[in-house]
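Asker: Handing you this structure, nothing more for now.
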Amino acid sequence: MTPATPPLKSAFRRYSRKALIAICAVCTLAVSVAQRYFKPLHDLEFSADDVLANVGKRAPVNSEVVFLAIDQASTSLDHIELSEIEATPALKLMESGFPWRRSVYPLILDRLFDAGAKVVVMDLLFLNETDADPEFRAALEKYRDRVIIGSNFDSGTRVRGAIAMHAMPTQSLIKVTKPADNRVAYVNFWPDLDGVVRRAHYGVRASDVFGGGGLPEADEDTFDSLAGKTLKKSGHGALVPRPIEPHRIRFAGPGNTFVPRSLCDIFDAKQWTRARYGNGEFFRGKIVLIGPQGDRFHDVQPTPFGSMAGPEVHLNAINAALQGAFLRETPAPVVWALIAAAGALAWALCHWFRGPLARLGSFVAANVAWLGTAYLLYNHANLIIPMVAPLIALTLSGVGCLGWDFFLERNERNRVRSMLDKYVSKNVADLVLAESDKFAGAVKGQRRIVTVLFSDIRGFTAMTEEAVPEEFIAQLNEYFFEMVEAVLAGGGTLQNFIGDAVLAAWGDTRKLDPATGAYEAVRTALRMSDALKKLNERWANQEGRRILGIGIGIKQGEAILGSVGHPQRMNFTALGDTVNTAARLEGATKHLKTEMLVEETIEELTRDRFHFRRVDSLRLKGKSKATAVFTVLGEKPAPAPVWLAEYHRAVDLYHARMFREAAEVFRKLGEELKDDPLCAMYATRCDLYAETPPSADWDGAFTMTEK
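Quick note: the sequence shown uses my numbering, first residue 188, plus one each step.
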């Protein structure tokens, strides 16, 4: 025997775990490749590091470091009295405008070293010869072991093997020697690939800037940076990190963290003698860096804290070495391992947490935990771990797993929906799939106001005795298809097929406003009537097809809803007097020779939307109370039939016991409407009651003796 094909759910679920593993593996591999070769991902990782630098721990500022700025105040001297400028040679030289005559720098060095400064570092380039160089050269020689001036590699980049020119100070100040004079250090910064300076270069090898290489480090010429040379001359040479390569530093903060002090203040007697400088005592034992600050000098570098003056970047490099504030970066193999771990974690979370909200919460928690870990390691272990790539791997794998589950769920829903649609109403299927918890409660039983429509085929029993089975079943299915489509189009629930009868309801699977339920039921009845007319027109030209007629009854009221039947075959249905009354109204359509009957509640709720014709007042079998019943003529705003008002006047005459007057109106309308059955019925009753008046307690109701 050939085994049955497994259901769609089993076929996919069987490989679900492997599929999730494959999804996570592919996502992890994609992120690993992108992390290595995709520059925007590198830039994004750097940006995340910069955020961490801003919110995380910063390097404390070492009090040994001082920044004397060549700023606007020092170049304009606007705040210093003219008499003092005239009396002070250094200020007089500064007044002439920047760049200053070089004879001012010996005065600066004398002032600072006389005050006890340990080292004076000039973040300045002196490339061209001037007539004042002899004085400056003498000062540089005098303070040889405690002064540093700048040189520059003019390639502008740091790419191993690149060719660069080393712009040294003019030989009128310092002779070019090999190795370079220890008073000279380069001022360059080399940014990361995204153009931001995050690393300090305390020295470079000649091969790094001039190309070539191949020599052992001990035999190769090296050049100190301004920061590296400063540390060595200030007695902190042991703090210069090894080997010679860029080192990631912890910045002390944004611009002006190293408080800039105007260089001109050291010659301003008022400033020099105050507590701020204490006659120069402030500079005793200090590392003093002199450099430009301000937009006019264009010496600005991009850093994790935004744009920063070049001298402040040097100060951060010096400060990082003094404070031991270096950061370690995660090696590439560890980065790949972390990305793989993120993918594995995504699979584990999808495996452990099945609900969408639980999964979302777990992924949010995992992301927060990873960011928190990165923050803690940055602050307490001086370690930078990748944040963006693992989180992308985690999120991408998670989205992939969720997408797979969505795919499974959608296929399962489609499979179940396909099965449910064959056995239950569309509304019931919707409730089962979308609100299974509510459906589970509903099937146990509850009371609710519902609107019930009951329709039946006229003369069905006689047809079954005469019909050819195949042809009749085919026609019956055509009929049911159109009737059910009308019910579903009106938002109703197909409750059941009872032989040839259709039972539909509104408000059973979801609560509806009574007026809405009544309106949709009446509209559905009109659709069913129109659909049957079209079917009959088509069947009239088809052999083996019969012309069908139907009766429809509509009732609104309380019903019991629930799932009833055998455990192996249950139906969700409505039970109670409302259903029975709808069925009896349908039965009354045969007696009253009308296609549709609705009870008075329906008419009251929808009279503003439909034209109704009062049919009769009925006392249905098993009921003691009479109810007015109506048939629907059409939907507003189409105009009402011109005869309708006269017809209702005749009905009022009938109930007012004015039988002869009513009979006359009914006969006249009957002729106008071409033997209308209702007018004929009322005319006959009026003639009978005119001859034999009813009892005094007569209420105008007709008692039905049949269902």
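All C-beta atoms in this analysis are idealised placements derived from N, C-alpha and C, irrespective of residue type, glycine included.
Is Leu-748 closer than 7 Å to Arg-645 when the C-beta atoms are compared?
Answerer: In the sequence shown, residue 645 corresponds to position 458, counting from 1. In the sequence shown, residue 748 corresponds to position 561, counting from 1. Taking 7 Å as the Cβ cut-off, Arg-645 and Leu-748 do not qualify as a contacting pair.
Asker: Which residues does DSSP list as the beta-bridge partners of Lys-742?
Answerer: Residue 742 sits at position 555 when you count from the first residue of the sequence shown. DSSP output for Lys-742 lists Val-639 as bridge partner(s).
Asker: Output the distance between the C-alpha atoms of Phe-853 and Ala-825, rounded to the nearest integer angstrom.
Answerer: As a working note, residue 853 is residue 666 in the sequence shown. As a working note, residue 825 is residue 638 in the sequence shown. If I take the Cα positions, the gap works out to 25 Å.
Asker: Could you check what DSSP says for Ala-576 in three-state terms: helix, strand or coil?
Answerer: The residue given as residue 576 occupies position 389 in the sequence shown. DSSP places Ala-576 in helix when its eight states are reduced to three.
Asker: On the DSSP bridge list, what partners appear for Asp-411?
Answerer: Reading the sequence shown from its first residue, position 224 is the one you call residue 411. For Asp-411, which the question treats as bridged, DSSP gives the partners Gly-390.
Asker: Are Val-709 and Phe-797 touching if we call contact CB-CB under 7 Å?
Answerer: The residue given as residue 709 occupies position 522 in the sequence shown. The residue given as residue 797 occupies position 610 in the sequence shown. A contact, by the Cβ cut-off of 7 Å.
Asker: Given a threshold of 16 other Cβ atoms within 10 Å of its Cβ, counted over all protein chains shown, does Leu-846 qualify as buried or as exposed?
Answerer: The residue given as residue 846 occupies position 659 in the sequence shown. As written in the sequence, residue 846 is Phe, which differs from the Leu given in the question. Per the 10 Å Cβ criterion, buried.
Asker: Would you kindly report the start and end of the unbroken beta strand (DSSP E) that includes Met-715?
Answerer: The sequence position of residue 715 within the sequence shown is 528, counting from 1. No beta strand (DSSP E) contains Met-715, which is instead part of the alpha helix (DSSP H) from 701-726.
Asker: Note the first and the last residue of the continuous beta strand (DSSP E) segment covering Asn-249.
Answerer: Walking along the sequence shown from the start, residue 249 turns up at place 62. Run containing Asn-249: none; DSSP gives neither H nor E here.
Asker: In the DSSP assignment, find the unbroken beta strand (DSSP E) run with Asn-683 in it and report its ends.
Answerer: Along the sequence shown, read from residue 1 onward, the residue named residue 683 stands at position 496. Per DSSP, Asn-683 belongs to the beta strand (DSSP E) from 680-685.
Asker: Reducing DSSP to helix, strand and coil, say where Trp-693 ends up.
Answerer: As a working mapping, residue 693 is identified with position 506 in the sequence shown. It is a strand residue.
Asker: Can Ala-256 and Leu-314 be called in contact, C-beta distance under 7 Å?
Answerer: Taking the sequence shown and counting its residues from 1, one reaches residue 256 at position 69. Taking the sequence shown and counting its residues from 1, one reaches residue 314 at position 127. Not a contact, by the Cβ cut-off of 7 Å.
Asker: Under a three-way DSSP split, which group does Thr-317 fall into?
Answerer: Position 130 of the sequence shown holds residue 317. Thr-317: coil per DSSP, three-state reduction.
Asker: Consult DSSP for Gln-222 and reduce its assignment to one of helix, strand or coil.
Answerer: In the sequence shown, the residue the question calls residue 222 occupies position 35. Here Gln-222 sits in helix by DSSP.
Asker: Going by CA-CA distance only, name the one from Phe-513, Val-371, Asn-728 and Phe-445 that's closest to Phe-496.
Answerer: Position 309 of the sequence shown holds residue 496. Note that residue 496 is Ala in the sequence shown here, rather than Phe. It is Phe-445.
Asker: When DSSP builds the beta bridges, which residues end up paired with Met-309?
Answerer: In the sequence shown, the residue the question calls residue 309 occupies position 122. Answer is Ile-477.
Asker: Thinking just about the alpha-carbon of each residue, which of Ala-304, Arg-597 and Ser-219 is nearest to the one in Tyr-464?
Answerer: As a position in the sequence shown, residue 464 is number 277, starting the count at 1. Among Ala-304, Arg-597 and Ser-219, the Cα nearest to that of Tyr-464 belongs to Ala-304.
Asker: Could you give the first and the last residue of the continuous alpha helix (DSSP H) run that contains Glu-653?
Answerer: Here the question's residue 653 lines up with position 466 in the sequence shown. Counting along the chain, the alpha helix (DSSP H) containing Glu-653 begins and ends at 647-653.
Asker: If you follow the alpha helix (DSSP H) that Asn-369 is in, where does it begin and where does it stop?
Answerer: If you number the sequence shown from 1, residue 369 lands on position 182. No alpha helix (DSSP H) holds Asn-369; DSSP gives it neither H nor E.
Asker: Kindly provide the ranges of any beta strand (DSSP E) runs that are 3 or more residues long and lie completely inside the stretch 430-470, ordered along the chain.
Answerer: Listed in chain order, they are 447-449.
Asker: Which residues does DSSP pair with Val-751 in a beta bridge?
Answerer: As a first step, residue 751 is located in the sequence shown; it is residue number 564 there, counting from the start. Answer is Asn-758.
Asker: Mind checking which residues open and close the beta strand (DSSP E) that includes Ala-822?
Answerer: Sequence index remark: in the sequence shown, residue 822 carries index 635 (1-based). The sequence shown places Glu at residue 822, not Ala. Element bounds for Glu-822: 814-822.
Asker: Using three-state DSSP, classify Thr-879 as helix, strand or coil.
Answerer: For this step, residue 879 is matched to residue 692 along the sequence shown. Looking at Thr-879 - three-state DSSP - the assignment turns out to be coil, as it is neither helix nor strand.
Asker: Using only CA atoms, which one of Val-374, Gly-382, Leu-380 and Ser-394 lies nearest to His-388?
Answerer: On the sequence shown, position 201 is the one that residue 388 refers to. Ranking Val-374, Gly-382, Leu-380 and Ser-394 by Cα distance to His-388 puts Val-374 first.
Asker: Count the other C-beta atoms from every protein chain shown that fall within 10 angstroms of the C-beta of His-434, then say buried if there are 16 or more, exposed otherwise.
Answerer: The count along the sequence shown starts at 1 and reaches residue 434 at position 247. Buried.
Asker: For the stretch 481-516, list the alpha helix (DSSP H) runs that are entirely contained and at least 4 residues long, ordered along the chain.
Answerer: 497-510, all fully within the stretch 481-516.
Asker: May I ask you to report which of helix, strand or coil DSSP gives Ala-561?
Answerer: The residue given as residue 561 occupies position 374 in the sequence shown. Looking at Ala-561 - three-state DSSP - the assignment turns out to be helix.
Asker: Please say whether Arg-800 and Leu-820 have beta carbons closer to each other than 7 Å?
Answerer: For the purposes of this step, residue 820 is taken as the residue at position 633 of the sequence shown. For the purposes of this step, residue 800 is taken as the residue at position 613 of the sequence shown. Result yes, Cβ atoms of Leu-820 and Arg-800 sit closer than 7 Å.
Asker: Among Ala-837, Val-220, Pro-881 and Glu-251, which one has its Cα closest to the Cα of Ala-520?
Answerer: Within the sequence shown, the letter at position 333 stands for residue 520. Note that residue 520 is Pro in the sequence shown, not Ala. Residue Val-220 is the option with its Cα nearest to Pro-520.
Asker: So, using beta-carbon positions, are Val-802 and Leu-831 closer together than 7 Å?
Answerer: Along the sequence shown, one-based indexing puts residue 802 at 615. Along the sequence shown, one-based indexing puts residue 831 at 644. Their beta carbons are not under 7 Å apart, which means Val-802 does not touch Leu-831 by this criterion.
Asker: Output needed for Phe-323: all residues of its chain with C-beta closer than 8 Å, excluding positions within five of it in sequence on either side, in chain order.
Answerer: For the purposes of this step, residue 323 is identified with residue 136 of the sequence shown, where counting begins at 1. So the qualifying residues of the chain are Arg-289, Ser-290, Tyr-292, Pro-293, Phe-313 and Leu-360.
Asker: Since Val-674 is in the alpha helix (DSSP H), which residue starts that stretch and which ends it?
Answerer: Position 487 of the sequence shown, counting from 1, holds the residue named residue 674. 656-676 is the extent of the alpha helix (DSSP H) around Val-674.
Asker: So the beta strand (DSSP E) Val-334 belongs to, where does it begin and stop?
Answerer: The sequence position of residue 334 within the sequence shown is 147, counting from 1. Element bounds for Val-334: 334-340.
Asker: Starting from the C-beta of Asp-874, find all residues in its chain whose C-beta is less than 8 Å away, skip the five residues before and the five after it, and write them out in chain order.
Answerer: Reading the sequence shown from its first residue, position 687 is the one you call residue 874. Within the same chain, Asp-874 has close Cβ partners Phe-846 and Ala-850.
Asker: Quick check on Leu-581: does DSSP put it in helix, strand or coil?
Answerer: Indexing the sequence shown from 1 puts residue 581 at position 394. Helix at Leu-581.
Asker: Within this structure, are the beta carbons of Ala-702 and Leu-792 separated by less than 7 Å?
Answerer: Translated into positions along the sequence shown, residue 702 becomes position 515. Translated into positions along the sequence shown, residue 792 becomes position 605. Cβ atoms of Ala-702 and Leu-792: closer than 7 Å.
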